[in-house]
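From first to last, the protein sequence lines are chains A and B. Here the first sequence is numbered in the working numbering, starting from 1 and rising by one per residue. Here the second sequence is numbered in the working numbering, starting from 1 and rising by one per residue. We put the CB at the ideal spot given by N, CA and C, even for glycine. As the structure is a prediction and not an experimental result, all values here were calculated from the model.
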Amino acid sequence: MSTIEVEGLSKSFGTIVAVDRLSFKVGAGEILGILGPNGSGKTTTVRILSCLISPSGGRAYVGGFDIQKDPVRVRESVGVLTETPSLYERLSAYENMDFFARAYGISNSDTRIARIKDVLEFFELWNRRSERVGTYSKGMKQKLAIARAIVHSPEILFLDEPTSGLDPKASKDIRDLMERLSRQEKRTLLLCTHNLEDAEKLCSHVMIINKGRSVVMGTTEELRRRIAGQPKLEIKLNETSDKIILATQSIEGVKNVEADKDSGRLIIELDNAETQTPYVVRSVVENGGLIKSVGLLEPSLEEAYLKLVKEEPQ
Amino acid sequence: MKLENALLVYWKDWTEVKRNWQVILPIILVPLLISVFLPVILFVASGYGDSSSTGNLEVLIENLPPNIQAELAGMSVRQVMLYATSLYLFAPFFLIIPIMASSVIASDSFAGEKERKTIEGLLATPLTDSELILGKILVSFVPSMIVTILAFVAYSASVDVLGYGIYGRLLLPNVNWLMLVLGLSPILSLAAIGLTVIVSAKVKGFREAQQISILLILPVLGLLFAQGAGLMILGPVVIIELVVLFTVMDVIVFRIGVSLFQREEMVSKTS
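Quick look at the structure:
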């Protein structure tokens, strides 16, 4: 069952179309990554689904509730990490958490205290809970903002750039948390990000949007293959020669050969890298090549993303 | 609407406000200083002026209720002048004090959240429009009323200390002033705060909200001049009429505030 269902969602600000007929579904425990350049409509989409702004057209259901008819129920069932941390700097971390926990309906004080302690300890902020947020570093504020978004244990999380401003360790902690929330606790996550590493490691599905329109959607693997093509074969030699290059080019199924004579590296584009690799290796050896290593270069999501965004008409 | 949710917003905002001495000090000090200095200047200056005539206060005195006029009949010109000024002419100041004291906090209510980019997190919570507005009104109302009551206590003490030697009795508090400070003043300030909070939700920043909210003092200044000119005396009947009028207005302002509250508009004004 889908916990987020979006059909033909649109939003215009005057003559500017910020979101253009978006449709997608996210099932329980899935993570959908929304990728796109600045101003592509990612934040507007999250704002619509969080019932902060109303759509100009289309429909959306979050946690089974219609965003237009049941905005309070939608807000109750989601946790939102906004583009900016949205924290009260004159309040301590604990006071911020307490306010939001109560606002999200955790009225029992024992439950609230235990939950806040649990979340702040996870983010290693419990020992600094009494300090005012204004004294926190950017990374600490980001961690606290995520802690605030999950304090009421929402079924659905909207996270806008969650690892922005975090050091590598904190970024990894956040990724681990998102993975745990999705896989173990079956929470549904919508992740807006520029960080393709995050999307690649975490998302079950990725949607690339540009100018408010969905350009492509699928699993990360599908997108890589569909957009950036097959993996390439990389062969490192003691040294390359024209003979090796010409012999390789003549093999059936070889589409292109790039050679770096200084480093002795060959990058070979094939119709099917997995089946044709042995023939290429044999040809190189037969033509006097001394092979140091052979490997497949998988296209990255970044390559796919950049290619797609570049190809989109401006 | 749940009152506890409105009180939650109140508690959050008040915790923030009380830690900002740049906001708190003028709110407390200015009314207290006015409340002490006004009677001091009045009583001291009256000892040096023309003691044969009540001057510009004649119209005011002529319009005072008959029982007060009867009381004034046996007093000296200085006593009459001090009585009319301290008990009637200055009374509308205590309607201005809560509006002044609340204007900074009320102007900051939503506009400050927009400026500090905290509004999106707040609006994403399940708190309803009514709960948010009521919470924001309360955080301006409670401290402004505390300040007004403290200012009234300081004013009464000053008038009594300075006037005891002249009248041989305590002048304040009396029923009229208690009705004014505890009845009309809160009801009037609620309407002003409500309007300021609406403005704060509509404009982009604190400065715009405060500039517009200052205009709300003008009608109250009108009361001050009306009282000085003897056109309207803030006696018990007038106070009760104004309490009824402004109670209705408070309800109308709150309803207008809720109907005009647009989360989308506020979020778009933070970007």
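Could you compute how far the alpha carbon of B/Glu113 sits from the alpha carbon of A/Glu131?
21 angstroms
Going along chain B in order, which residues have a C-beta closer than 8 angstroms to the C-beta of A/Ile53?
Arg263, Glu264, Val267 and Ser268
Taking beta-carbon pairs under 7 angstroms, can you tell me which members of the region 63–77 of chain A lie near chain D?
Here the protein chains are A and B, and chain D is not one of them.
Which residue wins for smallest C-alpha separation from A/Val80, given the options A/Met140, A/Ala93 and A/Ala145?
A/Ala145
For A/Lys42 and A/Leu32, what's the separation of their Cα atoms in angstroms?
12 angstroms
Give the single residue among A/Glu239, A/Glu95 and A/Asp271 whose Cα lies nearest to the Cα of A/Lys261.
A/Glu239
Tell me whether A/Met207 is buried or exposed, calling it buried when 16 or more other Cβ atoms sit within 10 Å of its Cβ.
buried
Could you list which residues in chain B have their beta carbon closer than 7 angstroms to that of A/Arg47, in chain order?
Val267
Based on the DSSP secondary-structure assignment, which residues constitute the bridge partners of A/Ser293?
A/Lys236
Can you give me the C-alpha to C-alpha distance between A/Ile315 and A/Leu297, rounded to a whole angstrom?
This structure leaves residue 315 of chain A out entirely; chain A is present only between 1 and 314.
How is the beta strand (DSSP E) around A/Glu210 delimited, first residue to last?
It is Asn, not Glu, that sits at residue 210 of chain A in the sequence shown. Its beta strand (DSSP E) spans residues His205 to Asn210.
Helix, strand or coil for B/Glu208, going by three-state DSSP, please let me know.
helix
Starting from A/Phe158, trace the beta strand (DSSP E) both ways and give me its first and last residue.
Ile156 to Asp160
Show which residues of chain B have a CB atom less than 9 angstroms away from the CB atom of A/Leu22.
Within 9 angstroms Cβ-Cβ: nothing; A/Leu22 doesn't reach chain B, min ~18 angstroms.
Would a C-beta distance cut-off of 8 angstroms place B/Ser121 and A/Ser86 closer than the cut-off?
Before going further, note that residue 121 of chain B is Gly rather than Ser in the sequence given. Taking 8 angstroms as the Cβ cut-off, B/Gly121 and A/Ser86 qualify as a contacting pair.
Leaving out five residues on either side along the sequence, give the residues of the same chain with a beta carbon under 6 angstroms from the beta carbon of A/Asn195.
Thr163
Anyone know if the C-beta pair for B/Leu223 and B/Ala192 falls short of 8 angstroms?
no
From the DSSP output, in three-state form, read off B/Lys12 for me.
helix
Only counting the same chain, and skipping five residues up and downstream in sequence, which positions put a Cβ closer than 6 angstroms to that of B/Met249?
Ala191
Rounded to whole angstroms, what's the CA-CA distance from A/Phe24 to A/Gly58? Just pull it up for me.
12 angstroms
Have a look at the DSSP bridge pairing and note the partners of A/Val62.
A/Ile4 and A/Phe65
Can you tell me whether B/Leu132 is buried or exposed, with buried defined as 16 or more other CB within 10 angstroms of its CB?
buried
Comparing alpha-carbon positions, which option in A/Asp70, A/Leu166, A/Val257 and A/Thr188 lies nearest A/Leu233?
A/Val257
Residues that A/Ser109 bridges to, as DSSP identifies them
DSSP lists no partner for A/Ser109.
Taking DSSP as the reference, what is the three-state secondary structure of A/Met217?
strand
Measure how close the beta-carbons of A/Thr315 and A/Val26 come, nearest whole angstrom, since I'm counting them as under 8 angstroms.
This structure cannot speak to residue 315 of chain A, because chain A is shown only from 1 to 314.
Cβ-based neighbour list, B/Ile146, same chain, cut-off 8 angstroms, excluding 5 preceding and 5 following
none
What does A/Glu95 touch in chain B if you count any residue whose Cβ is under 7 angstroms from its own?
Thr15
Taking A/Leu301 as the query, report the chain B residues whose CB atoms sit under 8 angstroms from its CB, ordered along the chain.
None at all; the shortest Cβ gap to chain B is about 28 angstroms.
Could you check whether A/Arg148 and A/Met317 sit closer than 8 angstroms to each other, using their CB atoms as the reference points?
Outside the modelled stretch of chain A, which goes from 1 to 314, sits residue 317 of chain A, for which no answer is possible.
Please specify which runs of the beta strand (DSSP E), each continuous and at least 3 residues long, are wholly inside the region 9–58 of chain A, giving them in chain order.
16–27 and 31–35
So, for A/Leu308: in the same chain, excluding its five sequence neighbours on each side, which residues have a beta-carbon less than 7 angstroms away from its beta-carbon?
Ile208, Val215, Val216 and Ile227
Note down the Cα distance separating A/Tyr279 from A/Ile268, rounded to an integer number of angstroms.
12 angstroms
Ignoring anything shorter than 3 residues, give me the beta strand (DSSP E) runs that lie fully in the region 170–196 of chain A, in order along the chain.
188–193
Could you pull out every residue in the same chain whose Cβ sits closer than 8 angstroms to the Cβ of A/Gly8, ignoring the five residues on either side in sequence?
Arg21, Leu22, Ser23, Gly57, Gly58 and Arg59
For B/Lys269 and B/Glu208, what's the separation of their Cα atoms in angstroms?
13 angstroms
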